[in-house]
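The structure appears below as structure tokens.
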Amino acid sequence: MSLLNDLINLNLSDVTEKIIAEYIWIGGSGMDLRSKARCEFPSLGSVGISAGDQLWVARYILERITEIAGVVVSFDPKPIQGDWNGAGAHTNYSTKSMREDGGYEIIKKAIEKLGLRHKHHIAAYGEGNERRLTGKHETADINTFLWGVANRGASIRVGRDTEKEGKGYFEDRRPASNMDPYVVTSMIAETTILWKP
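Residue numbers (the UniProt record's numbering): 1 to 197.
Structure (structure tokens):
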């Protein structure tokens, strides 16, 4: 029996615990349960296309576990309308030069480019994203691009540590939970590295 089958057959009563066990197996860093119906699992240290690979495997594992448990999983960015947060696929991004001394200036230039191509990115960042990106619930309005330090209501958020240290990474908060990770990561890289305004 494969390791994956062993993990699927673990005698864990709680679906959440089973998801954590499965995700740790694929190299993730764990999971953050946001509510009984919503959770987040980060994928740290992914390089290039492997971020997409990890997300697809994680989605598959999640679908298999929920199928076994008799529950339904949805990757819709706002599966139930209401006065609460939707589900995004916030994407942390950096290049080597962004993580080196002076990287904060490179980060700001990259963010400026992302702003110039905001509509282009939004069009590819997931179906139904307009129901999530309303300008409320820690999102920027879908039609407005803005960025800020420690601003969860921005399109692009820069962490306080990145600003303080003058290097690091930024978070694109626009992608929806149903986004195609290969499309999103390639678009961010193409816009910030290759695209000339």
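Virtual Cβ for every residue (Gly too), placed ideally from N, Cα, C.
Nothing here was measured: the structure is a model prediction, and the numbers come from that model.
On the criterion of 16 or more Cβ atoms from any shown chain inside 10 Å, does residue i qualify as buried, or is it exposed?
i    : result
K109 : exposed
T144 : exposed
L62  : buried
T185 : buried
T134 : exposed
A58  : buried
A89  : buried
Y60  : exposed
L194 : exposed
V47  : exposed
I49  : exposed
Q81  : exposed
V72  : exposed
I68  : exposed
Less than 8 Å between the CB atoms is what I'm expecting for residue i and residue j, so what's the real figure, rounded?
i    : j    : result
D172 : Y93  : 6 Å
P197 : K113 : 6 Å
K167 : E100 : 6 Å
I122 : F170 : Not really, about 17 Å apart at Cβ, beyond 8 Å.
I111 : W147 : 5 Å
G153 : A140 : 6 Å
H137 : W84  : 6 Å
Please return the same chain residues whose Cβ sits closer than 6 Å to the Cβ of residue i, not counting the five positions on each side in sequence.
i    : result
G86  : P77, K78 and R132
A150 : R160
R117 : T191
M98  : I106 and I107
T162 : G168
Residues in the same chain with beta-carbon distance under 8 Å from residue i, minus the five sequence neighbours each way, listed in chain order, please.
i    : result
G102 : G166 and K167
G128 : D76, P77, K78, A176 and N178
Counting only the same chain and skipping the five closest in sequence on each side, list residues whose C-beta sits under 7 Å from that of residue i.
i    : result
E130 : I142
V183 : A124
Within the region 43–82, note down every full alpha helix (DSSP H) run reaching 4 residues or more, in order along the chain. Runs found: 50–69.
Let me know the alpha helix (DSSP H) ranges lying completely inside the region 112–184, each 4 residues or longer, listed in chain order. 118–122 and 160–165
Could you tell me whether the region 168–185 touches the region 68–78, using the rule of 3 or more Cβ pairs below 8 Å? They touch, by the three-pair rule.
Entirely enclosed alpha helix (DSSP H) segments - the region 86–116, minimum 4 residues: 103–116
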